[in-house]
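*Asks:* Heads up: the sequence shown is residues 17 to 279, going by the working numbering.
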Amino acid sequence: MPRFNPAIALFEWVVMPDHVHFNVNLAAGLDEPLKTLGAAIRKFKTYTTTVARKTLGLNSIWQQGYHDYLLLSESFIASTGRYIRYNPLKHELRYNQPEFLHLHEPVVSPRFDPCDYWKAIGELSLLDPSNKVLSLRVSRKVIDHSRVVKRMLDAANAGYTILSGFISPGEVAVRNALLATPEARLIHILPSQIAHAHKPDSRFLEPIRERRFLEIGRGNEDIEFARTACLDLNDEIVKIAQAGEGLSIYWLPDGPHRLSPKA
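1. By the 10 Å Cβ neighbour count, where 16 or more other Cβ atoms means buried, how is Arg-69 classified, buried or exposed?
2. Output the distance between the C-alpha atoms of Asn-21 and Phe-60, rounded to the nearest integer angstrom.
3. Out of Arg-58, Leu-202 and Arg-156, point me to the one whose CA is closest to Tyr-176's CA.
4. Any chance you could list the beta strand (DSSP E) runs of at least 3 consecutive residues sitting entirely within the stretch 89-152, in chain order?
5. Identify which residue in Phe-27, Ile-137 and Pro-114 has its Cα closest to the Cα of Glu-231.
6. Can you confirm whether the stretch 170-189 touches the stretch 142-161 when touching is taken to mean that 3 or more C-beta pairs between the two stretches lie within less than 8 Å?
7. Answer with buried or exposed for Ala-279, where buried requires no fewer than 16 other C-beta atoms within 10 angstroms of its C-beta.
8. Count the other CB atoms, across all protein chains shown, that sit within 10 Å of the CB of Lys-166; report buried if there are 16 or more and exposed otherwise.
9. Under 7 Å between the Cβ atoms of Ser-180 and Leu-206?
10. Within the chosen definition, does the stretch 109-129 reach the stretch 87-96 through at least 3 CB pairs nearer than 8 Å?
11. When you compare only the Cα positions, how much space is there between Asp-144 and Glu-252?
12. Could you tell me which uninterrupted alpha helix (DSSP H) segments, each at least 4 residues in length, are contained entirely in the stretch 172-207, listed from first to last along the chain?
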């Protein structure tokens, strides 16, 4: 595509069985950028159709039109990049290894109140009472997350599965570090139910297939995520962790505080 038009830079791409994804950048100062993009897509389709006709005897391989999105922020660019990179894995799990994305319901575990209805996607063995679970809550007032991340990586190396809602910036920093660490195990508890149409975030797919990630949610209804729901979520992670082999940490600006089940 850049060879056809130097005004286009191709950042990321992936070819799937029945579609393709491109992440492209249009040069600044173009009079009609959308026309430039449209012309590049048409040229790409024409070229690949010609190759397909000569090599495979196919006369038509593309539908009309295309879907484009304008990436307006760095976070949008990053999430789009993840989506493109993980598309092949998502396809593999969906069509060839669907057991990894199977929605388990109801999930029965000694760690759960038997009156509650739980759903889960991922590695259920992480809920075993014999599994050491460390629940983590990090205050938003904690600015330097490096100490939290280091301690949680140490805990993961010591055999603990880290359980959290992974909501505050400190918790997110820990989650990202754990996802990038081979064999580190984590349980992500959602503030609401896991709907049947729920799809795990792309960054969770590889840990799910590696059997070191579990996503759990309680109930059969969506709950508005407000302060009360957040407090209830924090109480739940303490109970789940301490229903078996585990402990609970609340990290405040002055450092970590160990919680009791009723704290």
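We put the beta carbon where it would ideally sit given N, CA and C, even for glycine.
*Replies:* Concretely, from the data shown:
1. exposed
2. If you take the alpha carbons of Asn-21 and Phe-60, they lie about 11 Å apart.
3. Out of Arg-58, Leu-202 and Arg-156, Leu-202 has the C-alpha closest to the C-alpha of Tyr-176.
4. 134-138
5. Ile-137
6. Enough Cβ pairs lie closer than 8 Å, so yes.
7. Here the model assigns Ala-279 a pLDDT of 46, short of 50, so the residue's position is not dependable and the matter cannot be decided.
8. That one is exposed.
9. no
10. No contact exists between the stretch 109-129 and the stretch 87-96.
11. 16 Å
12. 185-195
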